[in-house]
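Top to bottom, those sequences are chains A and B. Just so you know, we're using UniProt numbering here: the first sequence kicks off at 1 and counts up by one. Just so you know, we're using UniProt numbering here: the second sequence kicks off at 1 and counts up by one. Cβ coordinates follow ideal geometry from the N, Cα and C atoms, glycine included. To keep things clear, I will list the structure first and then write my remarks on it.
Protein chains: 2
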Amino acid sequence: MTTSGITVVRGEQELYPWLAHAFAHARTEISCAVDQLFSWVVTRTASVPATRFPPGVRVRKLYRAGLLLDPAFAGYAHTMADLGAEVRVPEREVNETVLIDRRVAVLAGDTAHGPRGYSVVTVPEVVQGIASLFDTAWATAAPLALWDADRTDLRALAPRVLEALAAGAKDETAARTVGLSVRTYRRRVAELMAALGAETRFQAGVRARELGLI
Amino acid sequence: MTTSGITVVRGEQELYPWLAHAFAHARTEISCAVDQLFSWVVTRTASVPATRFPPGVRVRKLYRAGLLLDPAFAGYAHTMADLGAEVRVPEREVNETVLIDRRVAVLAGDTAHGPRGYSVVTVPEVVQGIASLFDTAWATAAPLALWDADRTDLRALAPRVLEALAAGAKDETAARTVGLSVRTYRRRVAELMAALGAETRFQAGVRARELGLI
DNA sequence: AGTCCGGTGGCAGAGTCCTGCCAAAGCGAG
DNA sequence: CTCGCTTTGGCAGGACTCTGCCACCGGACT
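Rendered as structure tokens:
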């Protein structure tokens, strides 16, 4: 791995140790956008510090809404908040991104072809551009506390609703098994779709699956 | 890895070299059930022999219908057939399975928690039971040639239909972009759902995603 | 020519899903 | 208890999806 320019890393084996080191030595800022459950699972060991983040370092986390429907991830998000991180939830989905001290940026590629590619960028202009994009996403995102204030019930029901949906059940029977009226069940589904940023149920299925909620 | 009993292997790194070796030394039979695009991508290097399978070895492949909607995979399936493998398509989805010489069975676990677990079984009774289950699945499955005889058009359209669905488009607009009438577009979606074994569009979304078609 | 046949597209009716509206029920504050 | 707020569930109407039916078209075969 070089120390300037752009380096592409394939797969996580190489990236994560390096990331852990970078996290540990950050001086002013760590900003992350997390988009998929998978990357969190892999990252957690590297990115959960034992103690609070040092006061000089601003830690910002952007967690895609759908992810917080996973109870375990929601717990993780709150742990991060407790440790001193600012956690926000963007409206739209965001590309997986890591920013450190406004000097290094890591962008994740798609997972379509083999191991995921990660571009590590140290070119100042590019990093600045990425940082600015991150900032706008950050600005329009809602603080965690605000976001999940009125979604506690949804989070409680989401797993069962998702299960029913994934089973291919009709609303009628699904509502009965979940123990809701059809009207309320559909309300939950609508909220779920909103949280997943989906406009059709097909899309919701795709999103739910790619977030690992099913 | 032991030579008898049941061994659980986590992740593919350890399994695939071993599998390749086992494939190369099979004496009478290699039977595989493939359920997910992912495992194929990882396996292909190990399991595509340069030449035809040796005549004494019966090679049976059970490929989940949805997988064949992926053009690359369909090509792979035909390559296998050309090399002398019997390829069939089951009605229902099957658990990822490998059987070698009726003496060793490999069963894949779920991918939910971290790296996928693979159980390598050499207990004769268990292997026999697994083999018998495989045989029934095999018996009810349709030969590849028969299956995709009348599905060539679907395979050609599937990517674009899936794309439209994933974009959250309504049938009206989706049909127009794909260049079909609404009626025919819905026919395609219905066929797609049948191929994916889905009863609702949500389910189809989940399946399509987990097969890596989106 | 005629006939058959697979695919297409329109139409209709049924089934399913979505959502605004409103009354009823729960629930905490005053 | 009463008020106000939130959630629930029923209802209705509309939007969307699904599918059977049938007419139409183009190609193959006799």
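- Query: Using a Cβ-Cβ distance under 8 Å, would Leu165 (chain B) count as near chain A?
  - Reply: Here residue 165 (chain B) refers to the residue found at position 165 of the second sequence. Chain A, which has a Cβ nearer than 8 Å to the Cβ of Leu165 (chain B), makes this yes.
- Message: Strictly under 8 Å for the Cβ-Cβ distance: is Arg75 (chain A) near chain B by that measure?
- Response: Counting from one through the first sequence, the residue named residue 75 (chain A) turns up at place 75. Per the sequence shown, the amino acid found at residue 75 (chain A) is Gly instead of Arg. Taking Cβ atoms only, chain B never reaches closer than 8 Å to Gly75 (chain A), which makes this a no.
- Item | 8 Å Cβ shell around Arg201 (chain A) - same chain, five flanking residues per side excluded | On the first sequence, position 201 is the one that residue 201 (chain A) refers to. Contacts found: Leu165, Val189, Met193.
- Message: Which residues does DSSP list as the beta-bridge partners of Pro143 (chain A)?
- Response: Start at 1 with the first residue of the first sequence, and residue 143 (chain A) comes out as number 143. Looking at the DSSP assignment, Pro143 (chain A) forms a beta bridge with A:Arg88.
- Item | Local conformation of Ala46 (chain B) per DSSP, three classes | Counting from one through the second sequence, the residue named residue 46 (chain B) turns up at place 46. In this predicted model, Ala46 (chain B) has a pLDDT of only 48, less than 50, meaning its place in the structure is not dependable enough to derive any value.
- Message: Quick check on DSSP: helix, strand or coil for Glu125 (chain A)?
- Response: Counting from 1 along the first sequence, the entry for residue 125 (chain A) is found at position 125. Residue state, collapsed to three classes: helix.
- Item | CA nearest to the CA of Arg58 (chain A), picked from A:Leu69, A:Ala77, A:Thr28 | By one-based count along the first sequence, residue 58 (chain A) stands at place 58. When only C-alpha atoms are compared, the closest one is A:Thr28.
- Task: Just list the alpha helix (DSSP H) runs in the UniProt domain "HTH luxR-type" (154-208) of chain A, keeping only unbroken ones of 4 residues or longer that don't cross its boundaries, in chain order.
- Result: 171-178, 182-196
- Does the Cβ-Cβ distance between Thr122 (chain B) and Arg102 (chain B) come in under 8 Å? Locating residue 122 (chain B) in the second sequence gives position 122, counting from the first residue. Locating residue 102 (chain B) in the second sequence gives position 102, counting from the first residue. Contact: no.
- Tell me where the alpha helix (DSSP H) around Glu14 (chain B) begins and ends. For the purposes of this step, residue 14 (chain B) is taken as the residue at position 14 of the second sequence. Start and end: 12-24.
- CB Tyr118 (chain A) to CB Ala108 (chain A), shorter than 8 Å? One-based indexing of the first sequence puts residue 118 (chain A) at position 118. One-based indexing of the first sequence puts residue 108 (chain A) at position 108. Yes, the Cβ-Cβ distance between Tyr118 (chain A) and Ala108 (chain A) is below 8 Å.
- Identify, in the order they occur along the chain, each residue of the same chain with its Cβ nearer than 7 Å to the Cβ of residue 220 (chain B), setting aside the five sequence neighbours on each side. An answer regarding residue 220 (chain B) cannot be provided, because it is not within the stretch 1 to 214 covered by chain B.
- Message: Quick check: is the beta carbon of Thr177 (chain B) nearer than 8 Å to any beta carbon in chain A?
- Response: To locate residue 177 (chain B), count along the second sequence from 1; it is residue 177. It does not; no Cβ of chain A falls within 8 Å.
- Item | Chain-order list of residues whose beta-carbon lies under 7 Å from that of Ala81 (chain B) (same chain, five-residue window excluded) | Locating residue 81 (chain B) in the second sequence gives position 81, counting from the first residue. Closer than 7 Å at Cβ, skipping near neighbours: Val87, Leu144.
- Task: May I have the straight-line CA-CA distance separating Leu211 (chain A) from Leu157 (chain A), to the nearest angstrom?
- Result: Position 211 of the first sequence, counting from 1, holds the residue named residue 211 (chain A). Position 157 of the first sequence, counting from 1, holds the residue named residue 157 (chain A). For Leu211 (chain A) and Leu157 (chain A), the distance between alpha carbons rounds to 17 Å.
- Message: Quick check: is the beta carbon of Gln203 (chain B) nearer than 8 Å to any beta carbon in chain A?
- Response: Counted from its first residue, the second sequence places residue 203 (chain B) at position 203. Yes, its Cβ sits closer than 8 Å to a Cβ of chain A.
- Measure how close the beta-carbons of Leu196 (chain B) and Gly66 (chain B) come, nearest whole angstrom, since I'm counting them as under 8 Å. The residue labelled residue 196 (chain B) in the question sits at position 196 within the second sequence. The residue labelled residue 66 (chain B) in the question sits at position 66 within the second sequence. With a Cβ gap of about 5 Å, Leu196 (chain B) and Gly66 (chain B) count as contacting.
- Near-chain B residues of the region 54-85 of chain A - C-beta to any C-beta below 8 Å: none
- Message: Can you give me the C-alpha to C-alpha distance between Glu96 (chain A) and Cys32 (chain A), rounded to a whole angstrom?
- Response: Residue numbering aside, residue 96 (chain A) sits at position 96 when the first sequence is read from its first letter. Residue numbering aside, residue 32 (chain A) sits at position 32 when the first sequence is read from its first letter. Distance between the alpha carbons of Glu96 (chain A) and Cys32 (chain A) is about 8 Å.
- CA-CA distance, Ala72 (chain A) and Ala142 (chain A)? In the first sequence, residue 72 (chain A) corresponds to position 72, counting from 1. In the first sequence, residue 142 (chain A) corresponds to position 142, counting from 1. Approximately 20 Å between the Cα atoms of the pair.
- Message: Less than 8 Å between CB atoms is the rule here; does Val182 (chain B) satisfy it with respect to chain A?
- Response: For the purposes of this step, residue 182 (chain B) is identified with residue 182 of the second sequence, where counting begins at 1. Not an interface residue.
- Could you check what DSSP says for Gly117 (chain A) in three-state terms: helix, strand or coil? Within the first sequence, residue 117 (chain A) is the residue found at index 117, counting from 1. Looking at Gly117 (chain A) - three-state DSSP - the assignment turns out to be strand.
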